[in-house]
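Here the structure comes first, spelled out in C-alpha cells, and everything after it is commentary.
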Amino acid sequence: MNIFEIISKKKQTAANLVRFSVRNFTFSNKKTKCQNWQIKLVIERIKTFILQGENKKLIKAIIFDIDGTLMDSNDAHAKSFVEAFKEFGKAVPFDEIKCLIGMGADDILEKYLSKEEIKDFGEKLTEFRKKDFLENYLPDVKIFPKVRELFERIKADGKQSALASSASEEELEKYRKKLNISDLYEKETNSDDAEEAKPAPDIFQAAFDKLKDVEKSEVLVIGDTPYDAEAATKAKLTIFGVTSGGWSREKLLETGCAEVFRDIAKIYRNYEKLIHS
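Residue numbers (my numbering): -8 to 268.
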C-alpha cells in the first residue's frame, strides 16, 4: 500500500496533520518563511502519524522533560530566581521570570545582568538560587497525578523511557527521590550531557543517543514549554506538549508540538490511543 492509498483511508488523520503543519508555521502577527529542514520535518511527521495505524509498534521510546511536565515546579523555580536576583540587588518581576523557566540558567542571567555583573557574581547567584530551590521549595513541590502509572504502563509495554534534564547531578539526585520512578525508566541526562540548554536541541539529542536500537521516527518527546518544543523540533523529534507548566495550547502548537494535552494524567488515560493507534 503506498502513501496516497493510506492517506485516502485515513482522511481525517491526514487533514488534522495538514492543519498542524499550517498552524505550526503560521505565526500570529509575523511573516515567517519555513526553512527546508522544517518543511521536511513536517512531511516526516505527517508520514509517521499516518503510518502509525499500520504499525502498532511504531513508538518505541518516550523522552520526558521534568519540570512542569512530571512535577509542578515551574512557579517554585521562578520564585527562587526572583529571590536570588533580589539577594544580589536586582528586582526582577515573577511573571517575567516564569516565562523563562525551561531555558538554561545562564540564558536567564544574560537577560538581566551585564557581562561584568555575570563575571562578578553570576556563579554565586546561580549557586544561591539552586540552594534556595532545593532546600526551601522542592520539598513542597507536588508530582503531577498518574506519573508513576504512566511509566509503569510504558515499561509493561516493553518501551524505553528517558528523562531529559539539564539539572546538575546534585539536583537530579533529589529529583529522583521526589519522582519515585527510578525503577521504571532506563536513561537520564544531566548538565554534563549538553553544551547548550534549551531551546538548543542538545539535551534531547543526548537523551536520544542513550536509547537503544531506535530511530528518531520511533521516539516521542513530552514537554511543557515552548523551549521544549523548539529543542525537540531542532533535534528532529516529535513532541507532545502539556499545558500543566502554564503555557497555552496555542503557544505550544505554534512552537512545534504535534499535539497538546492538559497534563500527564490525560496522556495516561489516552495512552492506548496515542501510542498504539
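C-beta: ideal position from N, C-alpha, C; glycine also.
Treat the numbers as computed from the prediction; the structure is a model and nothing was measured.
Excluding five sequence positions before and after GLU187, the CB atoms of its chain that fall closer than 8 Å to its own CB belong to GLY95 and ASP193, given in chain order. Under DSSP, ASP58 forms a beta bridge with MET62. Using a 10 angstroms sphere on the CB of SER159, the tally of other CB atoms stays under 16, which defines it as exposed. Beta-bridge pairing by DSSP links LYS178 to ALA153. Exposed is the label assigned to SER173, since fewer than 16 other Cβ atoms lie within 10 Å of its Cβ.
Here the alpha carbons of TYR128 and HIS68 stand approximately 8 Å from one another.
Out of ASP200, MET62 and VAL210, the CA that lies nearest to the CA of LEU49 is found in VAL210. When DSSP states are grouped into helix, strand and coil, GLU263 belongs to the helix group.
Per the coordinates, the alpha-carbon of LEU243 lies some 27 Å from the alpha-carbon of ARG120. For the 8 Å CB-CB criterion, THR180 and PRO217 do not form a contact. Taking all protein chains shown into account, GLY80 has fewer than 16 neighbouring C-beta atoms within 10 Å of its C-beta and is therefore exposed. Counting only runs of at least 4 residues, the stretch 91 to 139 fully encloses the following alpha helix (DSSP H) elements, listed from N- to C-terminal order: 96 to 103 and 114 to 123.
Secondary structure of PHE79 (DSSP, three-state): coil. Straight-line spacing of the CA atoms in GLU114 and ASP63 works out to 26 Å.
In the structure shown, the three-state DSSP call for LEU202 is coil.
Residue burial annotation: ALA191 is buried, with at least 16 other C-beta atoms found within 10 angstroms of its C-beta.
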